[in-house]
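Residue numbers for the sequence shown, in my numbering: 188 to 517. Don't be surprised by glycine CBs; every beta carbon is placed ideally from N, CA and C. Remarks on the structure that follows.
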Amino acid sequence: MAALLLACAAAGGCPHPPDAHAPDPPTPAAVDASLRAAQTYLDGNEGPKAKAILARLLDRTPNDARAHELMARVLTGEAVALDAVDADAAHRARRDAYAHYDRAATLDPHPAGLHQNAAILASMLREHGDAARHYEAAARLDPTNPQPPLYAAQTYLQLGDTAAARDAIARVLVIDPDEPLAHATLAMVALGEERFDAALEHVREARGLAPADVRFRTQEAKILRRRGEPHAALQLLVGLPPAARAERGVCLEIAAAHAAAGNHALAAAAWINRCERLGPGPEAALAAVEASRCWLTHGDRANAVRWQRRARLLAPELPEVAALEERLGE
């Protein structure tokens, strides 16, 4: 309790008589007390109280890297809590969290973890240039860790810089030649260049290193489909359990392969499986929209309308649902 009271005083949270000049900066001991108090509240899932202490502290000590880093953690937790109720507010919280991580990394550029956390948030915000900058900083500071250059490579692909992506993956493979995601990333590069044989070689290397990972199986299926072999792609995926086939990436590839093979009814069935395995909400509605579109392409308007109505029941507010209703004239 004493620490919390000291934090209140240090952060300027208690009433005091008007002063003709700005208060002196808090002492190092008072700053430490405020940080401990904020951490205590954060650990106790009392983010708003931690946020209030840190906001007051940063108002008086704007160049304390520890306060910026802790505020970033508070705001990241706030964003996670907002995800299900207010996507715009969650986005704003993540943007503010990134700004604090970025500031902390500027003030104290040596901890690799600060750069890693900043990069993760920048990627979520689709600020790929900032993400690459922080991943590269983390890679320089922690040269034996393959994760920063691996994520940097994937970020470079988002930026369309395949040369930088290859360079980053080469660094990953020096650190860990058996990192499956590195081989899978090389497969992505080769696929983007339509070098299908090379893409298959890389993704099969990834599958050999992590045979239980469905992502690499799905990636191989995508390469086969893009090479004009939809039936071979389907052989990799249709034998998976229904729950695995309902995962978005797997479902998307199954539906695309069926469509490439000219069977839009089976493409619709893939989306229906996903819709029925999801709880009510936007993701299930989007699956219903895709099922309806497949039925429409198949020429079955009755089933297209049926799944459009299911989508409307699940999430009438989605623009995809409204666009489908307009297309069907419902």
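- A direct Cα-to-Cα measurement between H297 and L328 gives close to 7 angstroms.
- A check of alpha carbon separations from R412 across H255, D219, A446 and R402 identifies A446 as the nearest.
- Taking 9 angstroms as the cut-off, the Cβ atoms of A292 and A252 count as close.
- For L505, no alpha helix (DSSP H) segment is defined, and its DSSP state is neither H nor E.
- Take E440, set aside five residues on each side of it, and the residues of its chain with a beta-carbon closer than 8 angstroms to its own are T405, A408, K409, R412, A420 and L424, in chain order.
- If only uninterrupted alpha helix (DSSP H) runs of at least 4 residues are considered, those enclosed by the region 232 to 300 are 234 to 247, 252 to 269 and 274 to 294.
- Secondary structure remark: continuous alpha helix (DSSP H) runs of at least 4 residues inside the region 309 to 371, in chain order: 315 to 328, 334 to 346 and 349 to 362.
- In this structure, the CA atom of H321 is about 13 angstroms from the CA atom of D295.
- Boundaries of the alpha helix (DSSP H) harbouring G436: R435 to A447, taken from the DSSP string.
- The three-state secondary structure of V218, taken from DSSP, is helix.
- A buried status is given to T263, since no fewer than 16 other beta-carbon atoms sit within 10 Å of its beta-carbon.
- Annotated three-state conformation of L465 is coil, per DSSP.
- The beta carbon of R391 is closer than 7 angstroms to those of E407 in its chain, skipping five residues each way along the sequence.
- Taking the C-beta atoms as reference points, A474 is found nearer than 9 angstroms to I459.
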